[in-house]
Amino acid sequence: MGKVLAICISEKKGTLKNEISEAKFIEDFGIENDGHAGKWHRQVSLLEFNKIDEFRRKGANVNFGEFGENLVVQGIELHTLPIGQLIQLGDVILEVTQIGKKCHDKCQIYYQVGECIMPKNGIFTKVIKGGRVKVGDECNLI
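Sequential numbering from 1 applies to the sequence shown in full-length UniProt numbering.
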């Protein structure tokens, strides 16, 4: 069992995301008002808190959302999950569609932080069942 520590959104792709306390997840679309939402396989990105914490211990001063992640989760080793794994957050169900991603360009995130942890540790999902998620909600594998 895990826990949602942060929910982050941004208007456009390739920009830092800002924390919000609650979000509406739309089936087969993503998070309402997020630039990555749409009819594709990377609707919602997740990053494990421990990976962010490792980066911070190396001296990086990074806030939640600065790697472009939508959700920060504690208690689940996200990067080890198989494609197709279902994740439940309250009533919302996400399906893992991709582990990591190749960074094609050095975006704003890279220049502010110096490197990116999403290529190895970020996971991407699509929304199978919509609903609302709040910071502090449980996160479970199903």
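From the three backbone atoms N, C-alpha and C, an ideal C-beta is built for every residue, glycine too.
### With 16 other Cβ atoms within 10 Å as the buried cut-off, status of residue 144
Absent from the structure is residue 144, since the part of the chain shown begins at 1 and ends at 142.
### Interface flag, ASN33 vs chain B, CB-CB below 8 Å
The chain inventory of the structure shown lacks chain B, comprising one protein chain alone.
### Task
Note down the Cα distance separating LYS51 from THR15, rounded to an integer number of angstroms.
Counting from one through the sequence shown, the residue named residue 51 turns up at place 51. Counting from one through the sequence shown, the residue named residue 15 turns up at place 15. Cα to Cα, the separation comes out at about 20 Å.
### Message
Helix, strand or coil for THR97? Go by DSSP, reduced to three states.
### Response
One-based indexing of the sequence shown puts residue 97 at position 97. Residue state, collapsed to three classes: strand.
### Query
With 16 other CB atoms within 10 Å as the buried threshold, where does ILE7 fall?
Taking the first residue of the sequence shown as 1, we reach residue 7 at position 7. ILE7 is buried by the Cβ-count criterion.
### Message
Starting from PHE49, trace the alpha helix (DSSP H) in both directions and tell me its first and last residue.
### Response
Along the sequence shown, one-based indexing puts residue 49 at 49. It spans 49-57 - the alpha helix (DSSP H) in which PHE49 sits, taken as one unbroken run.
### Task
Check the C-beta distance from VAL96 over to PHE25 and give it rounded, since I have them as a contact under 8 Å.
As a working note, residue 96 is residue 96 in the sequence shown. As a working note, residue 25 is residue 25 in the sequence shown. 15 Å between Cβ atoms; not a contact.
### Query
Is ILE99 near ILE123, with beta carbons less than 8 Å apart?
The sequence position of residue 99 within the sequence shown is 99, counting from 1. The sequence position of residue 123 within the sequence shown is 123, counting from 1. A contact, by the Cβ cut-off of 8 Å.
### Task
Consult DSSP for LEU78 and reduce its assignment to one of helix, strand or coil.
Here residue 78 refers to the residue found at position 78 of the sequence shown. Three-state DSSP puts LEU78 in a helix.
### Task
Measure how close the beta-carbons of ASN70 and ILE31 come, nearest whole angstrom, since I'm counting them as under 8 Å.
Position 70 of the sequence shown, counted from the first residue, corresponds to residue 70. Position 31 of the sequence shown, counted from the first residue, corresponds to residue 31. With a Cβ gap of about 6 Å, ASN70 and ILE31 count as contacting.
### Query
Between which two residues does the alpha helix (DSSP H) harbouring LYS120 extend?
In the sequence shown, the residue the question calls residue 120 occupies position 120. From DSSP, the alpha helix (DSSP H) with LYS120 extends over 118-121.
### Message
Which residues does DSSP list as the beta-bridge partners of ALA6?
### Response
Walking along the sequence shown from the start, residue 6 turns up at place 6. DSSP output for ALA6 lists VAL72 as bridge partner(s).
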